[in-house]
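K.L.:
Residue numbers (the working numbering): 337 to 472. All residues carry an ideal CB built from backbone N, CA and C; glycine is no exception. All of these numbers come straight from a predicted model, not from anything done at the bench. I have a structure I would like to understand better, so I am pasting it below and will then ask my questions one at a time.
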């Protein structure tokens, strides 16, 4: 019997976007470098190697987000216990919208996500650092 998906990704994104703060890339650029803001990069490590990264951003693979946020998890990362604003981003803004909603549901605050993701950041001329080439 084929599966029947009753709430697709578009519905999930609409629900997430309805309850989270979405930052236009210009506003995100103005927050970059502030001591009270943590940029959280949810992209896959291969994306970081290929596209570069936002200087100072914390890399948190999407699959580890809940475990890194929860202080009771053996995988908890202290960065998520700080009293700061967390700005989530991915390549285009889908994963970050879902992640910001999840983080907010878990009690992390304040959180937001960057509209358009890393792609919009690059297009706006935001600073980028490139990864060193891998040794073969």
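Give every residue of the same chain whose Cβ lies closer than 7 Å to the Cβ of residue 383, excluding the five residues on either side of it in the sequence, and list them in chain order.
P.N.:
Within the same chain, residue 383 has close Cβ partners 427.
K.L.:
Any contact of the segment 369-380 with the segment 415-435, i.e. 3+ C-beta pairs under 8 Å?
P.N.:
Yes, they touch.
K.L.:
Could you check whether the segment 400-412 touches the segment 339-358, counting it as contact only if at least three pairs of C-beta atoms, one from each stretch, sit closer than 8 Å?
P.N.:
The segment 400-412 is not in contact with the segment 339-358.
K.L.:
Using beta-carbon positions only, say whether residue 448 and residue 359 come within less than 8 Å of one another.
P.N.:
In this structure, residue 359 lies closer than 8 Å to residue 448 by Cβ.
K.L.:
For residue 434, I'd like the list of residues in its chain whose CB is within less than 6 Å of its CB, leaving aside the five on either flank, ordered along the chain.
P.N.:
352, listed in sequence order.
K.L.:
In the DSSP output, what is residue 473 paired with across the bridge?
P.N.:
With the chain represented from 337 up to 472, any question about residue 473 goes unanswered, as that position is not in the structure.
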